[in-house]
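Here is the structure we will look at, set down as structure tokens.
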Amino acid sequence: MAVTAAQVKALREKTGVGIMDAKKALVATDGDEAKALDFLREKGIAKAEKKSDRIAAEGLTEVAIHGNKAAIVELNSETDFVASNDTFKDLLQTVSDQIALEEPATVEDALKLKANDNETLSDAIISATQVTGEKISLRRFQVVDKTDDQVFGSYLHMGGSIASLVVLEGGDAETAKDVAMHVAAINPEYVDRTDVPADRLNHEKDVLSKEDDLAGKPDNIKEKMIDGRLNKWLAEISLNDQPFVKDGDQTVDQYVSSKNAKVVSFVRYQVGEGMEKKSDDFVDEVMGQIK
């Protein structure tokens, strides 16, 4: 049967695909829009599979808070250009909200959650992959619960290149947000020095004990020097001991205590951390396209 321009237009508005893709789907399904949507979804799956070996190390992070539940999420794309468009941002918000509300245990479980009445989060990611032409993937998330007496604080740096989520015992939302800002900026590893695992502490002490300037010094002097350096290292990696980013004259613990609060936990995500990023030479890329 003949496919009308109106049918093609309607399908494009629903899916965001190109004119020829919309027309091809309608022709293949005899103008049945529902079947055409399935056809495009299958095509989207094929496209996503072709892109599976690409490195998606750009993207955004997000924090979604719903009552006493919160989720911090990283969604990746291949380029920061795609990460900045509304399709990607809307998808990230949907993914983050559903994860916070449903508390899945794994990424695989999260992908099975409903994005809406018609599709799962996995379907929504495949659809976005089809629309943007880039591999999009849910990399990781963490769900955090709090009690009624606790407070969430969150902070997004540069629109989501870094996200942090903090839980305080006591205090207020403003204090919690200040601490979240500090976490985003300074990147502590632990809440308190007492949280540092014994094996890591022992390793660091062993490394410090072998520094060249300790050679020939009496054991009691060595021990004092090692302890001093160990304390400095612990202060650098422990949130409570760090100089507060908005007031370096007090530590984070001193600031939080002045607000009748205590840091319970924090999570910090930075887009692409620990991932291999593709580095293309722009001139080579352009030349490759015109050959």
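Oh and the sequence shown: position 164 is 164 in the UniProt record's numbering, straight run, nothing missing.
Ideal Cβ positions, reconstructed from N, Cα and C, are used throughout, including at glycine.
From a predicted model like this one, the values you see are computed outputs, not experimental measurements.
Distance check for Glu33 and Asp117, CA to CA, integer angstroms please. About 17 Å.
Beta carbon of Lys146, beta carbon of Asn68: below 7 Å? The Cβ-Cβ distance between Lys146 and Asn68 falls below 7 Å.
Met241 classed as buried or exposed, judged by whether at least 16 other C-beta atoms fall within 10 angstroms: With the sequence shown as reference, residue 241 is identified as Asp, and Met is not the correct amino acid for it. By the neighbour-count criterion, in which 16 or more other beta carbons inside 10 Å mark a residue as buried, Asp241 falls on the buried side.
Check whether the stretch 262-270 and the stretch 157-170 touch, using three or more Cβ-Cβ pairs below 8 Å as the test. Yes: the two stretches touch, three or more of their Cβ pairs being nearer than 8 Å.
Using the Cβ count rule (16 or more neighbours within 10 Å means buried), how would you classify Gly288? Reliability fails at Gly288, whose pLDDT of 47 lies under 50, so the model's placement of it is uncertain and no value is given.
Uninterrupted beta strand (DSSP E) stretches inside the stretch 75-152 (no shorter than 3 residues): List check, beta strand (DSSP E) in window: 137-145.
Just the C-alpha distance for Asp206 and Ile221, rounded to the nearest angstrom, thanks. Near 16 Å, if we compare the C-alpha coordinates of Ile221 and Asp206.
Bounding residues of the beta strand (DSSP E) (the contiguous stretch that carries Ala261): Run containing Ala261: Ala261 to Gln270, per the beta strand (DSSP E) assignment.
For residue 371, collect the residues of the same chain with a Cβ closer than 7 Å to its Cβ; drop the 5 residues on either side in sequence, then sort them by chain order. The structure shown does not extend to residue 371, since the chain is modelled only from 1 to 291, so the question has no answer here.
Among all the DSSP beta bridges, which residues are the ones paired with Leu168? Answer is Val151 and Val263.
Taking only three categories from DSSP, how would you classify Asp247? Looking at Asp247 - three-state DSSP - the assignment turns out to be strand.
Could you pull the start and end residues of the alpha helix (DSSP H) that Leu26 belongs to? If you look at Leu26, you'll find it in the alpha helix (DSSP H) that goes Ile19 to Ala28.
Option in Val179, Phe141 and Gln254 with minimal Cα separation from Gln270: For the set Val179, Phe141 and Gln254, the Cα lying nearest the Cα of Gln270 is the one of Phe141.
Excluding the 5 residues flanking Ile226 on each side, which residues of the same chain have their C-beta closer than 8 Å to its C-beta? So the list reads Lys205, Leu208, Ser209 and Leu214, once near-sequence residues are dropped.
Per DSSP, Lys69 is paired with what? DSSP links Lys69 through a beta bridge to His66 and Asp145.
Of the residues Val252, Asp247 and Thr129, the one placed nearest Val82, counting alpha carbons only: From the listed residues Val252, Asp247 and Thr129, the smallest Cα separation to Val82 is found for Thr129.
Glu58 - DSSP class collapsed to helix/strand/coil: If DSSP states are grouped into helix, strand and coil, Glu58 belongs with the strands.
Give the single residue among Ile65, Gly133, Val73 and Thr87 whose Cα lies nearest to the Cα of Ala110. Ala110 has its Cα closest to that of Val73, out of Ile65, Gly133, Val73 and Thr87.
Kindly indicate which three-state DSSP category Ala176 falls into: helix, strand or coil? Of the three classes helix, strand and coil, the one that applies to Ala176 here is helix, per DSSP.
Looking at Leu165 and Val143, is the spacing between their C-beta atoms short of 7 Å? It is not a contact, given that the beta carbons lie outside the stated cut-off.
With H, G and I counted as helix, E and B as strand and the rest as coil, what does DSSP make of Ala34? Helix.
Backbone secondary structure at Ser238 - three-state DSSP: Here Ser238 carries a strand assignment [DSSP, helix/strand/coil].
What do you reckon, are the CB atoms on Ile255 and Phe266 nearer than 7 Å? What sits at residue 255 in the sequence shown is Tyr, not Ile. Cβ distance not < 7 Å, so Tyr255 and Phe266 don't count as in contact.
So, helix, strand or coil for Ala198, using DSSP? Of the three classes helix, strand and coil, the one that applies to Ala198 here is helix, per DSSP.
Along the alpha helix (DSSP H) that carries Ser257, what are the first and last residues, could you check? Secondary structure note for Ser257: its alpha helix (DSSP H) is the uninterrupted segment Val252 to Ser258.
Quick one: what's Ile162 bridged to in DSSP? Ile162 is bridged to His157 and Gln270.
Find the nearest neighbour of Pro104 within the set Glu119, Ile125, Ala70 and Thr175, judged by alpha-carbon distance. The closest CA to that of Pro104, considering only Glu119, Ile125, Ala70 and Thr175, is found on Ala70.
Cα separation between Ala5 and Lys35? A straight-line Cα-Cα distance of about 17 Å links Ala5 and Lys35.
Quick one: Cα of Ala185 to Cα of Gly228, how far? Looking at the two C-alpha atoms, the distance is approximately 26 Å.
Between Lys112 and the rest of its own chain, which residues show a CB-CB distance below 8 Å, the 5 nearest in sequence each way excluded? Cβ within range, chain order: Pro104, Thr120, Leu121 and Ser122.
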